[in-house]
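Take a look at the structure below.
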């Protein structure tokens, strides 16, 4: 197991690359989810205002 | 079939259909990703020249392929939007730009991290690296131009033209390792004849490439849905959707 994480001495390079890849993938998933939430709440507030007037 | 495409081009149907498709694509992507990672990090043998550092390839190469693939999709969708004035094509084009930029960034950074132990330098101004950097600037230019123009339909027209002009860079990236004497290694998979890579390394590489493709399909639909909500915010069906979600 230790040998696996050691990556034949290239642990820093290999795991940094995979870590960055994970970050990029996560950012790509999270940003549309957050954006959709923001948009829907913005539009919901607008509907409420329209409903009152 | 034609009727299907016609309906799909309507933002409302696309929004609903994409919403149903996204979970399936996401699960398929996760499956390929997990198998690919296990195969690449655990099962694939250590390289006789590069040791275990070559395992960076399993994220670097798919990311680089995606950076070019997404650019072609973006420019193609942009062209369709320009010619037939299909709103949905414009939406796909701009949604692709953000994802493509992130994959280009990933390809450059992982390449740099791989270059340090193998070449002894984080960066060299070699043809492959430079043309890939230009690709990143093209993506950023497309995003900046789109955000700078207030009217989104005009913005889409302008960005599509920029994206189409930039297509010239794609063959330059692909053939850079053959046209110029580069430090970057030549192609081992995408060339005529048998790939000069052992099957034990090729399989995880292809698994990861499929996973990245499915990932792009998933997130481009997610982004496209947001873009549609924004553009269609005054239409009846979006207002109904918002009222229903309250």
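Residue numbers (our numbering), protein chains in the order written: chain A, 9 to 61; chain B, 1071 to 1316.
All C-beta atoms, glycine included, are put in the ideal place defined by N, C-alpha and C.
Every value quoted in this text rests on a predicted model; they were computed, and no experiment measured them.
- Rounded C-alpha distance that separates residue 21 (chain A) from residue 10 (chain A): 16 Å
- Which residues in chain B sit within 9 Å of residue 10 (chain A), going by Cβ to Cβ distance? Those do not exist, as residue 10 (chain A) stays about 13 Å from chain B at its closest Cβ, beyond 9 Å.
- How would you list, in chain order, the residues of chain B whose beta-carbon sits under 9 Å from the beta-carbon of residue 34 (chain A)? Here the premise fails: no neighbours, minimum Cβ distance about 11 Å.
- Test: residue 1289 (chain B) CB closer than 7 Å to a CB of chain A: yes
- Query: Since residue 1127 (chain B) is in the alpha helix (DSSP H), which residue starts that stretch and which ends it?
  - Reply: 1127-1154
- Own chain partners of residue 1213 (chain B) with C-beta closer than 7 Å, once the 5 adjacent residues on each side are dropped: Its chain contains 1167, 1168, 1171 as the residues whose beta carbon lies nearer than 7 Å to that of residue 1213 (chain B), once the 5 sequence neighbours on both sides are disregarded; these appear in chain order.
- Message: Please state whether the Cβ-Cβ distance between residue 32 (chain A) and residue 1176 (chain B) is less than 7 Å.
- Response: yes
- Output, in chain order, the set of chain A residues within a Cβ distance shorter than 8 Å of residue 1292 (chain B). Near residue 1292 (chain B) (Cβ distances below 8 Å), the residues of chain A are 37, 40, 41, 44.
- Task: Could you tell me which residues DSSP pairs with residue 1270 (chain B) in its beta bridges?
- Result: None; residue 1270 (chain B) has no bridge partner.
- Who are the near neighbours of residue 1277 (chain B) in its chain, counting only those whose CB is closer than 7 Å to its CB and skipping five residues on each side? 1102, 1105, 1106, 1109
- Task: Apply the 10 Å Cβ neighbour rule to residue 1130 (chain B) and answer buried if 16 or more other Cβ atoms are within range, or exposed otherwise.
- Result: buried
- Message: What does the Cβ neighbour count give for residue 1118 (chain B), buried or exposed, with the cut at 16 atoms within 10 Å?
- Response: exposed
- Task: For residue 1282 (chain B), I'd like the list of residues in its chain whose CB is within less than 6 Å of its CB, leaving aside the five on either flank, ordered along the chain.
- Result: 1132, 1136
- Query: In this structure, does DSSP put residue 1190 (chain B) in helix, strand or coil?
  - Reply: coil
- Message: Strictly below 8 Å CB to CB, what residues from chain A border residue 1306 (chain B)?
- Response: Within 8 Å Cβ-Cβ: nothing; residue 1306 (chain B) doesn't reach chain A, min ~12 Å.
- Query: Between residue 16 (chain A) and chain B, is there a C-beta pair that is closer than 7 Å?
  - Reply: yes
- Could you tell me whether the Cβ of residue 49 (chain A) comes closer than 7 Å to any Cβ of chain B? no
- Query: Among all the DSSP beta bridges, which residues are the ones paired with residue 1211 (chain B)?
  - Reply: None; residue 1211 (chain B) has no bridge partner.
- Indicate whether at least one CB of chain A lies closer than 7 Å to the CB of residue 1099 (chain B). So no, residue 1099 (chain B) is outside the interface.
- Message: Between which two residues does the alpha helix (DSSP H) holding residue 29 (chain A) run?
- Response: 19-60
- Alpha-carbon to alpha-carbon, residue 1126 (chain B) and residue 1081 (chain B): 40 Å
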